[in-house]
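In UniProt numbering, the protein residues as written are 1 to 288. Input: a single structure, listed below in structure tokens.
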């Protein structure tokens with residue numbers, strides 16, 4: 001039987017790049033998407049597409065892993081302040097992946113590659129890393145062969161700052177000295193595919209260059225314009241009180257945003273695509 005790979009979260013920024021690379025290898029592919037638009041987006045690369053919300057229960061995706069050898073999951077809730085699919089981080093990052101893992105175990109899948117986030121061990125008190133860590137623990141104890149990949153962040157995940165720059169302000173929490181090496185989703189997809197058949201239990205990865213948050217804000221300003229505004233940490237904490245009263249989703253995102261932008265988030269260097277190059281190719285018309 002020819003090997004089949006399931007890519008969950010196929011229509012997202014990372015999932016699409018993984019799908020393209022696997023398609024080039026002429027593998028049998030199956031995709032899991034959330035919407036009909038997502039299904040159409042991935043259709044040039046595979047016609048075997050499931051449209052479902054994996055967080056709703058095992059029956060929703062029953063036998064999605066039948067005849068599948070390897071599962072790659074890029075399932076998860078967007079951390080962008082400008083998107084909200086409705087489900088919580090617990091539902092999208094833990095329950096959805098847990099249901100996928102249950103199906104994989106029932107159908108004898110041999111390997112599971114999960115894309116998590118850096119910070120799950122350093123900041124378990126926040127809702128976002130907590131949900132990822134819960135699934136990491138479930139995967140590690142399941143008995144299946146696995147690799148967990150923890151990127152420090154995608155370039156595309158910085159779109160919020162670009163969107164705000166279009167509105168003439170680029171907020172930086174604290175003094176902007178915290179360092180990070182976010183990675184291009186294409187470089188991250190290459191890491192995922194490199195670890196398709198085998199790999200270490202955990203990989204913490206970043207891009208080729210390390211920048212401070214202030215340096216990245218200055219690059220965004222150079223590309224888009226806007227004014228860099230440094231928000232004191234205490235003031236940022238007060239600013240999170242109101243969203244918490246009216247929107248738990250926004251509150252969770254803001255709290256984690258404050259944490260990652262005021263702490264070093266650096267992973268092992270990979271890839272060659274830089275943030276500056278990414279910005280040069282960014283079409284501002286694609287941003288709201």
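Note that beta-carbon positions come from the ideal geometry of N, C-alpha and C, so glycine has one too. What you are looking at is a predicted structure, and each value in this text was computed from that prediction instead of being measured.
Roughly how many angstroms lie between the CA atoms of residue i and residue j, to the nearest whole one?
i           : j           : result
residue 110 : residue 144 : 6 Å
residue 102 : residue 75  : 15 Å
residue 203 : residue 271 : 14 Å
residue 94  : residue 77  : 10 Å
residue 25  : residue 198 : 17 Å
residue 146 : residue 134 : 15 Å
residue 63  : residue 122 : 35 Å
residue 227 : residue 220 : 10 Å
residue 269 : residue 213 : 17 Å
residue 249 : residue 92  : 12 Å
For residue i and residue j, which I take to be in contact (beta-carbon distance under 8 Å), what is that distance rounded to the nearest angstrom?
i           : j           : result
residue 19  : residue 46  : 7 Å
residue 275 : residue 182 : 6 Å
residue 149 : residue 115 : 5 Å
Residues in the same chain with beta-carbon distance under 6 Å from residue i, minus the five sequence neighbours each way, listed in chain order, please.
i           : result
residue 31  : 7, 10, 42, 46 and 49
residue 151 : 183, 188 and 205
residue 97  : 73, 75 and 135
Kindly indicate which three-state DSSP category residue i falls into: helix, strand or coil?
i           : result
residue 218 : helix
residue 62  : coil
residue 264 : coil
residue 45  : coil
residue 145 : strand
residue 25  : coil
residue 8   : strand
residue 121 : coil
residue 77  : coil
residue 206 : strand
Quick one: does residue i have its CB under 7 Å from some CB of chain D?
i           : result
residue 220 : The structure shown contains no chain D; it is built from a single protein chain.
Quick one: residues in its chain with C-beta nearer than 8 Å to the C-beta of residue i, no 5 flanking neighbours on either side, listed in chain order?
i           : result
residue 287 : 159, 162, 163 and 166
residue 79  : 128, 157, 253, 256 and 257
residue 23  : 29, 45 and 46
Only counting the same chain, and skipping five residues up and downstream in sequence, which positions put a Cβ closer than 7 Å to that of residue i?
i           : result
residue 17  : 185, 186 and 189
residue 104 : 65, 71, 112 and 144
residue 241 : Residue confidence for residue 241 is low, a pLDDT of 45 falling below 50, so the modelled location carries little weight; the figure read from the coordinates is stated next. Nothing listed; no residue qualifies.
residue 224 : 162, 165, 166 and 284
* Stretch pair the region 165–180 + the region 119–132: three plus CB contacts closer than 8 Å -> At 8 Å Cβ cutoff, the stretches do not touch.
* Given 8 Å as the limit, is there contact between the region 251–268 and the region 190–198, that is, 3 or more CB pairs closer than that? -> By the criterion of at least three beta-carbon pairs nearer than 8 Å, the region 251–268 is not in contact with the region 190–198.
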